[in-house]
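First up is the structure itself, then whatever we jot down about it.
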Amino acid sequence: MDSIRLKVAESFLRRMRQFLEAAGTAEETSLAYVRGPSPLGAAYAADCRFGHTFVGSFGFSIQSSVGPNSGYFDNEVDPARPFSRRVFERVARGMGHIAKAWDVREPRLLVEHYKDGFNSNMLENFSILLATGGVKRLEIDIDFSPEWKTPPDIARTLSIGIDTAAAHMMQEAAAYLRANEPPPLLRLTGTVSRLETSDRPPTLLERDGFGEIYIEWLFRGSRRVRTRVRLPIAEYYDALRAHSEGLRVSVAGYMDINGGNMSELGSPFDFEVLDD
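Structure, rendered in structure tokens:
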């Protein structure tokens, strides 16, 4: 067969975009399930490109731009490699988990690896993607740019075949992960009231890579709450500046405000200092 219906092609590409949004969100949050794509996940998918596998072919490719690498030698895995690179490492790793889980018909293997592979949203979108194509087996080739060394558990070039019959197993794992739904996404805006690691030497902070702050904010406009937030070292120093200059800060994350436990913000991201 050298052609497919336009409706099938349209559905496949729409679901592929939703899958990429889910992949970007999973890489950002490391959560088992989220209610929708994050702004970063959506922006990542929008930046991906559609192309041919080779000129004149019917097959197609999804291209995820990473840009040049100017900081690390070839034999090192750069911990600060681009977000888009880390997303597709997650995709490749997750597809490997699916292939292994299908070989032994064990969805538990997918559940156990949601933090570094497919979470519930990715599993659900990919299972529908399999069914949309109208084929018995989906063959996927992934070719990573040589600009960055791949982690030891991922080959630079790999081919993975996944039977469409595996979709049911993926949906089972997705449902299990979804049942353990995380707290809702929210954004805190307030002042830095405490720097938990302010008395530690800079070299120790840089080695650990994280610092903790406390943000004081108003819950429902009246009750003052202090919430602990763990930040990467660069953002921690931004918080230090905000604290010394009396500036407000804002950060997104996950927290159950209705459950009463607002002591810590889960999976914080998109931290910024408000220069007002």
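In UniProt numbering, the protein residues as written are 1 to 276. C-beta: ideal position from N, C-alpha, C; glycine also. Just so you know, these numbers come straight off a predicted model, no measurement behind them.
Cα-Cα, which of the options is closest to residue i?
{"i": "residue 154", "options": "168, 213, 112, 92", "result": "92"}
{"i": "residue 191", "options": "213, 269, 172", "result": "213"}
{"i": "residue 269", "options": "6, 41, 136", "result": "41"}
{"i": "residue 147", "options": "220, 241, 81, 10", "result": "81"}
{"i": "residue 37", "options": "239, 121, 230", "result": "121"}
{"i": "residue 156", "options": "116, 167, 88", "result": "88"}
{"i": "residue 218", "options": "262, 235, 229", "result": "262"}
{"i": "residue 110", "options": "216, 32, 241, 187", "result": "32"}
{"i": "residue 221", "options": "188, 195, 29, 241", "result": "188"}
{"i": "residue 5", "options": "116, 134, 45, 107", "result": "134"}
{"i": "residue 290", "options": "14, 272, 266, 64", "result": "What the structure shows of the chain is the stretch from 1 to 276, and residue 290 is not part of that stretch, so it cannot be assessed."}
{"i": "residue 113", "options": "129, 128, 124, 94", "result": "94"}
{"i": "residue 229", "options": "195, 143, 257", "result": "195"}
{"i": "residue 243", "options": "163, 215, 234, 34", "result": "215"}
{"i": "residue 11", "options": "128, 233, 162, 108", "result": "128"}
{"i": "residue 232", "options": "255, 267, 257", "result": "267"}
{"i": "residue 180", "options": "13, 34, 14", "result": "34"}
{"i": "residue 170", "options": "108, 241, 161, 227", "result": "108"}
{"i": "residue 175", "options": "241, 124, 142, 255", "result": "124"}
Between residue i and residue j, what straight-line distance do the alpha-carbon atoms span, to the nearest angstrom?
{"i": "residue 150", "j": "residue 225", "result": "43 Å"}
{"i": "residue 96", "j": "residue 264", "result": "34 Å"}
{"i": "residue 237", "j": "residue 245", "result": "12 Å"}
{"i": "residue 283", "j": "residue 193", "result": "What is shown of the chain runs 1 to 276, which leaves residue 283 out entirely."}
{"i": "residue 86", "j": "residue 247", "result": "33 Å"}
{"i": "residue 210", "j": "residue 159", "result": "36 Å"}
{"i": "residue 276", "j": "residue 186", "result": "21 Å"}
{"i": "residue 272", "j": "residue 136", "result": "47 Å"}
{"i": "residue 9", "j": "residue 132", "result": "9 Å"}
{"i": "residue 39", "j": "residue 29", "result": "12 Å"}
{"i": "residue 116", "j": "residue 26", "result": "9 Å"}
{"i": "residue 198", "j": "residue 83", "result": "Because residue 198 carries a pLDDT of 46, less than 50, the predicted location of this residue cannot be relied on, and no value is offered for it."}
{"i": "residue 235", "j": "residue 165", "result": "45 Å"}
{"i": "residue 203", "j": "residue 239", "result": "For residue 203, the predicted structure reports a pLDDT of 48, less than 50, and the residue's modelled location is therefore unreliable. A value from the coordinates is still provided. Near 17 Å, if we compare the C-alpha coordinates of residue 239 and residue 203."}
{"i": "residue 162", "j": "residue 7", "result": "23 Å"}
{"i": "residue 255", "j": "residue 227", "result": "10 Å"}
{"i": "residue 13", "j": "residue 45", "result": "12 Å"}
Taking its Cβ as the centre, do 16 or more other Cβ atoms sit within 10 Å of residue i, making it buried, or is it exposed?
{"i": "residue 184", "result": "exposed"}
{"i": "residue 249", "result": "buried"}
{"i": "residue 140", "result": "exposed"}
{"i": "residue 251", "result": "buried"}
{"i": "residue 126", "result": "buried"}
{"i": "residue 152", "result": "exposed"}
{"i": "residue 43", "result": "exposed"}
{"i": "residue 253", "result": "buried"}
{"i": "residue 90", "result": "buried"}
{"i": "residue 47", "result": "exposed"}
{"i": "residue 201", "result": "Confidence is the limiting factor: at residue 201 the pLDDT is only 48, short of 50, which leaves the residue's position unreliable, though a coordinate-based value still follows. It is exposed - the Cβ of residue 201 has fewer than 16 other Cβ atoms within 10 Å."}
{"i": "residue 168", "result": "exposed"}
{"i": "residue 118", "result": "buried"}
{"i": "residue 24", "result": "buried"}
{"i": "residue 177", "result": "buried"}
{"i": "residue 49", "result": "exposed"}
{"i": "residue 173", "result": "buried"}
{"i": "residue 274", "result": "exposed"}
{"i": "residue 51", "result": "exposed"}
Hey, could you find the ends of the beta strand (DSSP E) residue i is sitting in?
{"i": "residue 216", "result": "210 to 219"}
{"i": "residue 253", "result": "248 to 254"}
{"i": "residue 160", "result": "157 to 163"}
{"i": "residue 276", "result": "Where residue 276 is concerned, there is no enclosing beta strand (DSSP E), given that its DSSP letter is neither H nor E."}
{"i": "residue 134", "result": "Segment: none, residue 134 is in no beta strand (DSSP E) and carries neither H nor E."}
{"i": "residue 227", "result": "223 to 232"}
Output the boundary residues of the alpha helix (DSSP H) element that contains residue i.
{"i": "residue 174", "result": "167 to 179"}
{"i": "residue 84", "result": "83 to 104"}
{"i": "residue 47", "result": "39 to 47"}
{"i": "residue 193", "result": "Run containing residue 193: none in the alpha helix (DSSP H); it sits in the beta strand (DSSP E), 185 to 195."}
{"i": "residue 9", "result": "6 to 29"}
{"i": "residue 35", "result": "Careful: residue 35 lies outside any alpha helix (DSSP H) and carries neither H nor E."}
How about residue i: is its C-beta nearer than 8 Å to some C-beta of chain C?
{"i": "residue 163", "result": "Among the chains of the structure shown, chain C does not appear; only one protein chain is present."}
Should the stretch 18 to 28 be called in touch with the stretch 100 to 107, which here means at least 3 C-beta pairs below 8 Å?
no
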